[in-house]
Each structure stands twice: as structure tokens, then as C-alpha cells.
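Mapped onto mature numbering (1 follows the signal peptide of the UniProt record, and there is no 0), the consecutive letters of the sequence shown carry residue numbers -19 to -1, 1 to 571. Cβ coordinates follow ideal geometry from the N, Cα and C atoms, glycine included. To start, the structure itself, in C-alpha cells.
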Amino acid sequence: MKRKYLAQAAALAAIAALAASGCSAGGTNVGGGNGPKTVVNKLTLDPDGKQSYGPAPEAPEARKGGTLNLTWRTDFPDYDPARVYTAPDDDAFRLINRRLTVLKQNDDGTMVLVGDLATNTGVPSDDGKTWTYTLKYGLKYADGTPIKSQDIKYAVERTFDTRFATGPQWIQSWLAGKDDFHSVYPGPYGGQELGPDKIETPNDKTIIFHTPQPQSDFPFAASMTQTVPVRRDRDARPDDLNVNGLGDMATGPYLIGAHDVDKTLTLVKNPNWDPKSDPVRHQYLDQIHFQFGVQPKQETDQLRADTDPTSAAFYDQIDTDQTQAIMQDPNLKKRTVDQETTGVVAYNINTSRVTDVNVRKAIATAFPKQDIITTQGGPFYGNVANTFGPRSSVGYSPQPNPYGVGDNGDPQKAKQILTDAGKLGYVVNIAWESTPAADREGAPMKRALEEAGFKVNLNPLPDKGYFDAIRHLGNPYDLIWYQWSPDWPTNRTVYSALFYGGAVSEGGNNVAQLKEKQVDDEINRIQGIQDIAEQGKQYMPLDQMIQKDYAAAIPLVYTRKQMMFGSKVGGVRMDVLSSSVDLFKVYLKK
């Protein structure tokens, strides 16, 4: 999952020059390890709007019509755009909910931020403290009513309410000028509105954001779910939106036709979507049908046999027991996407429970990274990670294990650390999101940590509700599985989201619950660097500090992913940020 989870309010000033000029960053090959090479994505912006209109280029082999059948092991945890922040949810719901801006992924791997509902990526003024967006002409909801700037204002306002704490928080924090933005404005449900010092809507087509500090990366935040328009008159029962989504308030090419919770979801065409306004999406398919509850082995068996040539895996990896055979079969390999993702899996150490840093260092020193990776398919799962940001990020450079041990750790060295701390027999409760494959990770962790002198309790948790459980501040877990991808193609949304003290909150993504002034100060310093390449380099020593000095988390793997699709499915590629199927271009072959 992504993230893509909760981010917080630290400013991303290093994007400033990029946003202001439309220049680019990236374009570097990253070698090493097993599997395909990773490319640092060249990133540009479209401030003048020349690339912000449609229709998106047609695929030569695409035919219109038919139903694409997607399988996944679980239903989406959130349907309300104010709550949506996991990678697969975000990827699927971009077909339903448009935003002010959107990332356009080109076939050559480059990415361009373009206007989505807006005519461009925003017009800055007041030294980056004001951002003005103009909506495109003729935009409508699925029910035919016009989309207005006031709807986007209301959408942002409702994200201030604490019930939406699991969603993105960049814009709220910037508008409020503080991490605790709820204390500035509690949301609209008590009748309050954000004043014109925060958001103005001088007419139905214009929305103006004012922030106390310059936020030159605002165009990227505007691509998040906070800017999905919501009509005030349709929000009388906000909790209902998390079951059925926005219904006929959909703005993308599809809307929810039917949803049987935890079983199926069917998307049908939005009759009022205008392809001429949309630079990235298509409406090739009549319907997109999700079947939930399909585990990876069953999914792989079905796709391998091509029993339904119009089906595809939406998010899950090929069954690890079959990966090697599939990748060695030319006919099966051509129906498989194989790519290193931006997702980095780490085991976070809950610093509010494991308060002795030497105990945390002992856990990290003993941690058997390679053995864990082997249980998940070895090189097909990915390469051993020593950083929390992906290898594709600007400024990445290979880093050593900060504890001076190999890829499988050193339980005896860890035992000496634990002995010196007087903590032999320390109980460690390990939690991860349970699947048949993931459950294999428990054995090597238990073996290594027990050899190091710990007592270990394994807690595989159901995937439904997993993230609510481990993001609860009072959770009973010490070592916690978490996967993160940046919200946009830099490390700005990695370290501040995962380790900034202000991100420690109920439902937040600082799962380690780390609050260290030295870390916060360094994050703030790096974010003030204007040169993107230099700023990217500075994250590497910060990464080492978080591990070596505080042992707040243990990076495990730079994930590589293989997903299969049926023989009649075309246009399949992996979304560079979400690591799920990029649904913008999928079609059924003629």
C-alpha cells in the first residue's frame, strides 16, 4: 500500500523551482541487485496547460466495449475520497473521482503533472503563498449538474474533520499553518466555513488557496484526493459516502454501479464524462468488475490457465510458489508485468512501547532480511533495502546496513547488545497483514530474534482493518509491517510522513511513533534546500541517522512485483506510484 498512506504538514520547498519553471528532475538509471533496472522518473510540470486537455491518445489495438474482470483479495477499505489514501484505492478511484491536477505517466517512463479538473497545474503568486486554479469549461458530475469551485472548497473543508484522519493532510496543514490543523478549523459539520484568508471562490470556476508559508509544491498536493469535488447538499450523512462512494457525484469516466461489500464492485460508464477535458483517462470498457476475496494462489491459477481471458490481477503479486515457473515460460511471461516498484517494505519499531533504544538496536541487528525475502519469492520479491525511500528517487545512493551486519543480521551480536542493556527475555509482539504468503515471514523473524535472546509473539492480523489496527496509537504491537510509496516521485513525502514528530497522530503513518527533535530539525533543513538533486542526496544521511541513532524502523525490501493478465486484456502496465494495474489505458483486444 502506498502510502501511500497519511502524510503531514512539513513544507516541500525543494519542489519550488520545479513547479515555478516547469523544469524536470530525474532520468538516472539505477543498477545493482536482481531483476529489472529501475529508472529515476523524469518529472515535469505543465504550468501553461498545453498538456492538460484531452482526449488522451488512443491505443491502436483498443476496442470499445466489454467487461474487464479484476480480482483482488480484499475490498477497498475506504470509498469516501476524503479517507482514501492507500495505493490500490487511489488507483481505482481515479477512474471515478477527478482532482485539480493529475500525474500523467508516459510510455517512456517519464511523468508530467498536468491539470485534471483545472486548466493547468496552478498559478502561484505572493511568493508561493497563494495558488489559483481555474476549472475547465463544461465539467459535470455524472448526474449532469455542473462542477463548481465551491464544491472543491467544501471537499477540502470536510477533510479537516477528525473522522477523515486517514486521508491525505498536506493541504489542510498548509492552510492552517500547523500540524494540528483541527484546532484551527474543525470542519464544516458545525456550520463553520474556512474564511477567505484560507480559500476564496470568487466565482464558480475559480478557487484560490492562501497559505501562511510558501508552498511551491502545491500542484502535487492538488493531485491528491482532498481536491475531489463534493457537493455540500449531498453530504448530510458523510459516513454513507464511505460505503457507496460519491455515487452520481462521480467526475471520472466511470461511476459505481453496484457494490456488495467485501464481495464485488462494478463500475459503469459515466454518461457525462467529457474526454476532451481529460488528458489521461479513457472509457474503452463498458464495465469494470472487481471480485473480492480471491487469494493470490487462486488468482494465479486462474490467470495462468487463462480461464477468463478478459480478467487481470488488480494489485496482488503472483503466487510466490509459481513465480519462477511463470517467468521462465515465454507464453506466460508475455502476459505478466514485472517491475521494481516505488514501494519499500519496512518493519517499524513502536518507540512508544520499545522505549530503550538499545533494545530497538538489538532487534534491528538480528533482523534476517534475506531469509524473510526468500520466503516471499527471493529476487522476484525484490532486493534487500537499506533505505526507506525507493531506489528510483532523485538523490538515491546505495547505503550500508547501519548496524555493521550482513543481509541476514547477526543474532549473536544482537544478543550481546540485549545482554548489555539488561533486557534478555524482552517480549516482542510482531504484527503483519496476514496472507498465506506473508505468514511465512513469521518463522525467520521468530527464529532470529529468539536466538538473540528475545521472546517473540507472532500476530498475523486480518487484512480487513489491518491499517486501522496498527495506526492506533495504543496498539499492542512492537514490530509492525508497513509498506510505503511516495505520494509523488520524490522522497519529500517519505521521511516527513513516516518519521516527523508532527505526524504522530491517531490513524497517522508515523507507525514508529518517533518524536525526536534532531530528526524533525533535519527534515525541516532538507526541505529548505531549493536544488532538487542536492536535496535528494541529503535524505541519505538522514535515513542512516533514523536507523543508526534511533532504530525506529528496519527497511526490508525494495519491492519488485509481477502481476498476470488474461490473453484478451491490452494496455496493461503498472502504475509507477501505486504498483497496481494502471487502469487509465486498459482495454480488451479486438
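CB residue i to CB residue j, shorter than 8 Å?
i: Asp449; j: Thr416; result: no
i: Met253; j: Gly125; result: Checking the sequence shown, residue 253 turns out to be Asn, not Met. Yes. Within cutoff.
i: Asp267; j: Gly547; result: no
i: Asp72; j: Leu564; result: yes
i: Thr232; j: Tyr60; result: no
i: Val437; j: Ile398; result: no
i: Leu76; j: Pro234; result: yes
Quick one: give me the first and last residue of the beta strand (DSSP E) that residue i is part of.
i: Phe273; result: 268 to 273
i: Gly324; result: 317 to 330
i: Ile344; result: Unbroken run through Ile344 is the alpha helix (DSSP H), 338 to 347; no beta strand (DSSP E).
i: Pro536; result: 534 to 545
i: Ser106; result: 104 to 106
i: Ser292; result: 292 to 294
i: Ala412; result: 408 to 414
i: Asn253; result: Element bounds for Asn253: n/a, residue is neither H nor E.
i: Asn184; result: 180 to 184
i: Lys570; result: 568 to 570
i: Asn440; result: 436 to 442
i: Ile189; result: 187 to 191
Could you tell me if the beta carbon of residue i falls within a distance shorter than 7 Å of some heavy atom in the ligand SAH?
i: Pro290; result: For the structure depicted, the ligand SAH is absent and the ligand set is empty, with no information on it obtainable.
Output the boundary residues of the alpha helix (DSSP H) element that contains residue i.
i: Val211; result: Segment: none, Val211 is in no alpha helix (DSSP H) and carries neither H nor E.
i: Pro425; result: 423 to 432
i: Ile152; result: 151 to 157
i: Lys549; result: Per DSSP, Lys549 belongs to no alpha helix (DSSP H) and is neither H nor E.
i: Tyr135; result: 130 to 139
i: Met205; result: Here Met205 belongs to no alpha helix (DSSP H), and DSSP marks it neither H nor E.
i: Leu94; result: It is not in any alpha helix (DSSP H) - Leu94 instead sits in the beta strand (DSSP E) that spans 92 to 96.
i: Thr356; result: 350 to 356
i: Gln397; result: 392 to 401
Just how far apart, CA to CA, sit residue i and residue j?
i: Asp29; j: Asn101; result: 6 Å
i: Tyr296; j: Gly35; result: 27 Å
i: Gly403; j: Asn382; result: 25 Å
i: Lys549; j: Gln320; result: 21 Å
i: Gly96; j: Asp282; result: 41 Å
i: Asp216; j: Ala136; result: 10 Å
i: Ile299; j: Met544; result: 6 Å
i: Ile504; j: Met205; result: 22 Å
i: Glu138; j: Lys117; result: 22 Å
i: His240; j: Val261; result: 26 Å
i: Pro392; j: Lys427; result: 11 Å
i: Thr67; j: Gln508; result: 24 Å
i: Asp556; j: Thr400; result: 46 Å
i: Pro177; j: Ala40; result: 44 Å
i: Lys571; j: Val562; result: 20 Å
i: Val567; j: Pro290; result: 14 Å
i: Thr91; j: Leu24; result: 6 Å
i: Gln272; j: Thr245; result: 5 Å
i: Leu98; j: Val409; result: 48 Å
i: Arg541; j: Pro467; result: 16 Å
i: Tyr265; j: Phe201; result: 27 Å
i: Gly483; j: Lys278; result: 40 Å
i: residue 572; j: Gln499; result: This structure leaves residue 572 out entirely; the chain is present only between -19 and 571.
Within the 8 Å Cβ cut-off, does residue i reach chain B?
i: Thr474; result: The chain labelled as chain B is not found in the depicted structure, where only one protein chain is given.
Residue i: buried (16+ other C-beta within 10 angstroms of its C-beta) or exposed?
i: Asn184; result: exposed
i: Thr187; result: exposed
i: Pro149; result: buried
i: Gln196; result: buried
i: Ala418; result: buried
i: Leu523; result: buried
i: Ala6; result: Bear in mind that the predicted position of Ala6 carries a pLDDT of just 43, short of 50, making it too unreliable to give a figure here.
i: Asn329; result: buried
i: Arg506; result: exposed
i: Lys18; result: Residue placement at Lys18 is flagged as unreliable, the pLDDT there being 47, under the threshold of 50; the coordinate-derived value follows with that caveat. By the 10 Å Cβ count, Lys18 comes out exposed.
i: Arg316; result: buried
i: Asp259; result: buried
i: Asn456; result: buried
i: Ser477; result: buried
i: Asn312; result: exposed
i: Val242; result: exposed
i: Ile307; result: buried
i: Arg79; result: buried
i: Pro379; result: exposed
i: Trp413; result: buried
CB-CB under 6 Å to residue i, same chain, minus the five flanking residues each way: which ones, in chain order?
i: Phe145; result: Ala63, Arg64
i: Tyr407; result: Val340, Phe435
i: Gly14; result: Only weak support is given to the placement of Gly14: the predicted model assigns it a pLDDT of 44, under 50, and the question is left unresolved by the model.
Only counting the same chain, and skipping five residues up and downstream in sequence, which positions put a Cβ closer than 8 Å to that of residue i?
i: Ser292; result: Leu49, Asn50, Leu51, Thr52, Gln283, Leu284, Phe546, Gly547, Val550
Which same chain residues end up closer than 7 Å to residue i when comparing Cβ atoms and leaving out the 5 residues on each side of it in sequence?
i: Val485; result: Asn491, Gln494, Lys496
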